[in-house]
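Enquirer:
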Amino acid sequence: MSRDPEKTLSARSNLSPDLSSDPGLAEAEDLGSKADPRFVEALLAAQKTLIIGHANPDGDSLGSAVALALALRSLGREVVLGYSGRLYQHLLFLLESIADYRLFKGEASEFWGFDLLVLVDCPHPDRVWDGFSDLAILPPRLVVDHHPGDPRRSKPVAFLHSSNVSSAGELVFPVISALGVSLTRPMAEALLAAIMSDTGFFSQNNATPECFRQASFLVAAGARSDYVVSRLKRNWTQARVRLLRAALGTLEISLDGLLASMTVDQAMLDEAGATLDDMEGFVEYPRAMNGTEAAAFFRVDGHGRVRVSLRCGLNYSVQELAESLGGGGHRQAAAYSDPESDPIAVRKKFLALAPKFLRRK
Ligand SMILES: [Mn+2]
Numbered sequence: 035m036s037r038d039p040e041k042t043l044s045a046r047s048n049l050s051p052d053l054s055s056d057p058g059l060a061e062a063e064d065l066g067s068k069a070d071p072r073f074v075e076a077l078l079a080a081q082k083t084l085i086i087g088h089a090n091p092d093g094d095s096l097g098s099a100v101a102l103a104l105a106l107r108s109l110g111r112e113v114v115l116g117y118s119g120r121l122y123q124h125l126l127f128l129l130e131s132i133a134d135y136r137l138f139k140g141e142a143s144e145f146w147g148f149d150l151l152v153l154v155d156c157p158h159p160d161r162v163w164d165g166f167s168d169l170a171i172l173p174p175r176l177v178v179d180h181h182p183g184d185p186r187r188s189k190p191v192a193f194l195h196s197s198n199v200s201s202a203g204e205l206v207f208p209v210i211s212a213l214g215v216s217l218t219r220p221m222a223e224a225l226l227a228a229i230m231s232d233t234g235f236f237s238q239n240n241a242t243p244e245c246f247r248q249a250s251f252l253v254a255a256g257a258r259s260d261y262v263v264s265r266l267k268r269n270w271t272q273a274r275v276r277l278l279r280a281a282l283g284t285l286e287i288s289l290d291g292l293l294a295s296m297t298v299d300q301a302m303l304d305e306a307g308a309t310l311d312d313m314e315g316f317v318e319y320p321r322a323m324n325g326t327e328a329a330a331f332f333r334v335d336g337h338g339r340v341r342v343s344l345r346c347g348l349n350y351s352v353q354e355l356a357e358s359l360g361g362g363g364h365r366q367a368a369a370y371s372d373p374e375s376d377p378i379a380v381r382k383k384f385l386a387l388a389p390k391f392l393r394r395k
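For what it's worth, my numbering labels the leading residue of the sequence shown as 35, then goes sequentially.
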């Protein structure tokens, strides 16, 4: 799990805000959510499979990919687990049962020898490698994804797609069943981590009965939910705690208590000895106050700009506001970037606009 819900946690959810703005398909599409026999056949037919999730994989992307890799390996198939971008420290426990996982940069020679590529938690390789378009250098593809957007864009031989499920993990579980593999603890814990990550530990409205049902099977199969929660959540560095202390010092309450916001600038990061990753999820703190319906978090992004995360309760929407500022996302979780480098100045601009957009729905 990336701890930032605009990337990972939201209902019908969002790999990144811009993914949701894929044109052409209604949000609640359900293009093929059953364990399509062609999908399962293709997995079984392949001798050497590469499984990879979106760039900087979150708990769902990595957990789903790990579970599928372990399942195929248990059937004697050769599987390589790939990743692109960064691996988050708090997710490394998912890889303990995977001997060989490696960075892929999207270059043609990396795909030689594979007869199948499985894209997990994303519809197209351009979510794995930014700007990737040369489908011809890739082996035949399978897609398993739950984001709005058309998985057929990457011309897969088969795909599993529904934006009505909590997570890619929820789509992978039936595949593992259809493969006839019995769940081991590492598989079950990887899937539980996937579901927990994308439902905010069952705290969001995408935590459906089906998702609880699957979780029940996973725990029955040996997944230790206390262990998974502990690895995903109780993993803060001291630097992260120091940074939160500083960030809370910037708390500002606006719009008669409706909106709460925080900022983090480079000096605060340096002072705390913290990294950009250490800010993930901070937007949840201003949001946690009773009476606060919306939260905004303004922080440096490491590229001289300010990244803004927005959250709100079910009676409101931050989507239009984020879109009007060049970002995107969903009603309850959205984000945008501002070319300005000073978070305080960006907050000031934002607060001038917020009353117009942040209306009860
Ligand atoms: Mn996901």
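Note that the Cβ used here is the ideal one computed from N, Cα and C, for glycine as well.
Is there at least one non-hydrogen atom of ligand 1 closer than 6 Å to the beta-carbon of S201?
Expert: yes
Enquirer: Would L151 and P173 qualify as a contact pair, given that the criterion is a beta-carbon distance under 7 Å?
Expert: yes
Enquirer: Return helix, strand or coil for H195, following the three-state DSSP convention.
Expert: Residue state, collapsed to three classes: strand.
Enquirer: Could you name each continuous alpha helix (DSSP H) segment of 4 residues or more that falls completely within the stretch 211-265, going from the start of the chain to the end?
Expert: 219-233, 243-254
Enquirer: When the Cα of A202 is compared with those of A241, H180, A306, which residue comes out closest?
Expert: H180
Enquirer: Is it the case that the Cβ atoms of D155 and S98 are separated by a distance below 7 Å?
Expert: yes
Enquirer: For G119, I'd like the list of residues in its chain whose CB is within less than 8 Å of its CB, leaving aside the five on either flank, ordered along the chain.
Expert: A89, N90, P91
Enquirer: Helix, strand or coil: which one does DSSP assign to K82?
Expert: strand
Enquirer: Grab me the residues of L128's own chain with a C-beta within less than 7 Å of its C-beta, minus the 5 sequence neighbours each way, in chain order.
Expert: L96, G97, V100, A224, A227
Enquirer: Report the three-state DSSP secondary structure of F148 (helix, strand or coil).
Expert: coil
Enquirer: Using a Cβ distance threshold of 8 Å, determine whether the stretch 133-141 contacts the stretch 213-221, with at least three qualifying pairs required.
Expert: The answer is no - the stretch 213-221 does not touch the stretch 133-141, with fewer than three Cβ pairs under 8 Å.
Enquirer: If contacts are defined as beta-carbon pairs under 8 Å, then L292 and V209 qualify, I think. What distance do you get, rounded to the angstrom?
Expert: At roughly 44 Å, the Cβ-Cβ gap does not stay under 8 Å, so L292 and V209 are not in contact.
Enquirer: With distances taken Cα to Cα, identify the nearest neighbour of F251 among A356, L266, I229, A388.
Expert: I229
Enquirer: Assign R365 to one of three DSSP states: helix, strand, or coil.
Expert: coil
Enquirer: Per DSSP, L176 forms a beta bridge with which residues?
Expert: V152, A192
Enquirer: Contact defined as beta carbons within less than 8 Å: I believe H370 pairs with L387. What is the distance between those atoms, to the nearest angstrom?
Expert: Note that residue 370 is Tyr in the sequence shown here, rather than His. No, Y370 and L387 are not in contact; Cβ-Cβ is about 11 Å, not under 8 Å.
Enquirer: Any idea what DSSP makes of L129, helix, strand or coil?
Expert: helix
Enquirer: Mind checking which residues open and close the alpha helix (DSSP H) that includes V275?
Expert: Start and end: 272-282.
Enquirer: So if DSSP puts S288 in a beta bridge, which residue, or which two residues, is it bridged to?
Expert: L293
Enquirer: Is the separation between the beta-carbon of E318 and that of Y350 shorter than 7 Å?
Expert: Cβ distance not < 7 Å, so E318 and Y350 don't count as in contact.
Enquirer: Suppose contacts are defined by Cβ-Cβ distances below 7 Å. Is A330 in contact with Q353 by that definition?
Expert: no
Enquirer: Pop quiz: T271 and D312 are said to be a contact at Cβ under 8 Å. What is the actual Cβ separation, rounded to whole angstroms?
Expert: 7 Å
Enquirer: Return the chain-ordered list of same chain residues with a C-beta closer than 6 Å to the C-beta of E286, the five sequence neighbours on each side being excluded.
Expert: The beta carbon of E286 is closer than 6 Å to those of S295 in its chain, skipping five residues each way along the sequence.
Enquirer: Return yes when the C-beta of D184 is under 6 Å from any heavy atom of ligand 1, and no when it is not.
Expert: no
Enquirer: For S264, count the other beta carbons within 10 Å of its own beta carbon; 16 or more makes it buried, fewer makes it exposed. Which is it?
Expert: exposed
Enquirer: Compute every distance between the C-beta of D335 and the non-hydrogen atoms of ligand 1, then say whether any falls below 6 Å.
Expert: Checking every heavy atom of ligand 1 against the Cβ of D335, none is found closer than 6 Å.
Enquirer: Could you give the C-beta distance for L303 and V334, rounded to a whole number, given that I count them as a contact under 8 Å?
Expert: 7 Å
Enquirer: With distances taken Cα to Cα, identify the nearest neighbour of S231 among D134, G147, A280, H124.
Expert: H124
Enquirer: Does ligand 1 have even one heavy atom less than 6 Å from the beta-carbon of D155?
Expert: yes
Enquirer: With DSSP as the reference, identify every bridge partner of L344, one or two as the case may be.
Expert: A330, A368
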